[in-house]
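For the sequence shown, this note's numbering begins at 16 and goes up steadily by one. Data first, discussion second: the structure below is written as structure tokens.
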Amino acid sequence: VYFDTKKFEGYGKLSKQNQDELEAGARIEVNSQKRHPMDFVLWKSKKEGEPGWNSPWGEGRPGWHIECSCMAKKLLGETIDIHAGGMDLAFPHHENEIAQSKGMCGKIPANYWMHGEFLLINGGKMSKSLGNVYLLQDIVDRGYDPLVYKLFCYSIQYRKKLNFTWEGMDSAKIALDRLREAYQKHLTGTEDVAEELISKYEKDFNEAINDDLNMPVAMSVVWEVAKRTEKSKKVAELLKKFDRVLGIKIDEHKEEEIPDDIKELLTK
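Listed below in structure tokens is the structure:
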């Protein structure tokens, strides 16, 4: 069972393509069951060895596009606020989600679509064949706090490619340590900072976050606050407030273990 994409006027709008362009560039093998090259499967006939369920069209299973729409509708309702995914899902997967959801209930399934760009490794593609696929455990095994990687990701807006390097992770580790040190410094401070200035920082940070998660600009505000020369509890409180969005545990403070030879010198 196929969805006839010609019957959905807005098909291709999300990925900013029209149907004629899509069909002209389609590398799709000829399928006599389709009316048009861009038609996509809603229900597939069962093949030998595959799971299947009974339906008016015989035994089969859902197409992978409609699985997502069905799960979202059942668990979240006909329309959700934000639908996220990798930029490679915009077409055809999310286009197909929109088409079939609008076809069934007359509503677009999400108000906002957020597509993240690819993560590069040393300027190139990450792939198993190149042996450069890293897991979070690899980062931990190299001695990094996983939040270092989180802060590293804030160096670029999510719709732009991010280039992963271990040198970049080293810089992010230093940055995280410095932010936490700055928080501790301000936490013990007694100097005052004008409320108008605190309000301005908060406004600038929120504007950056609300500008399609513009993290580089948001982080520039965070650093401006952290580097203030006054030691002020107001600044510490503001940094803690920022961390409700950043989630980098800015208040985490590790006591360093003093080596025995240093302890001995201190005792002497």
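In this text, a Cβ means the ideal position worked out from N, Cα and C, and glycines have one as well. Just so you know, these numbers come straight off a predicted model, no measurement behind them.
What is the residue span of the alpha helix (DSSP H) that residue i lies within?
i: H201; result: 181-202
i: Y164; result: 161-168
i: W68; result: From DSSP, W68 is part of no alpha helix (DSSP H); its letter is neither H nor E.
i: P107; result: Neither: P107 is in no alpha helix (DSSP H) and is coded neither H nor E.
i: D219; result: 210-225
i: P231; result: 230-241
i: F23; result: Taken as a continuous stretch (DSSP letters only), F23 belongs to no alpha helix (DSSP H), as it is neither H nor E.
i: Y283; result: Sequence check: residue 283 is Lys here, not Tyr. Where K283 is concerned, there is no enclosing alpha helix (DSSP H), given that its DSSP letter is neither H nor E.
Would you kindly work out how many angstroms separate the C-alpha atoms of residue i and residue j, rounded to a whole number?
i: E210; j: Y216; result: 10 Å
i: E252; j: V237; result: 12 Å
i: L202; j: M129; result: 36 Å
i: S15; j: N111; result: Limits of the chain in this structure are 16 at one end and 283 at the other, which puts residue 15 out of reach.
i: P66; j: H80; result: 17 Å
Would you list the one or two residues that DSSP bridges to residue i?
i: P77; result: W58
i: W128; result: H98
i: Y17; result: V56
i: G139; result: I136
i: N178; result: L135
List the endpoints of the continuous beta strand (DSSP E) containing residue i.
i: L134; result: 134-136
Assuming the contact rule is C-beta atoms closer than 8 Å, residue i and residue j should be a hit. Round their C-beta distance to whole Å, please.
i: S144; j: S116; result: Incorrect: roughly 36 Å between the Cβ atoms, too far for contact.
i: F167; j: A187; result: 4 Å
i: K21; j: Q34; result: 7 Å
i: L177; j: I171; result: 5 Å
i: E261; j: A241; result: Rather than Glu, the amino acid found at residue 261 in this sequence is Leu. 12 Å between Cβ atoms; not a contact.
Take the Cβ of residue i as the centre, count every other Cβ of all protein chains shown within 10 Å, and call the residue buried at 16 or more, exposed below.
i: G75; result: buried
i: N126; result: exposed
i: R157; result: exposed
i: P124; result: buried
Kindly say whether residue i, judged by its beta-carbon, lies nearer than 9 Å to any beta-carbon of chain D.
i: G146; result: As a matter of chain content, chain D is missing from the structure shown, which is built from one protein chain.
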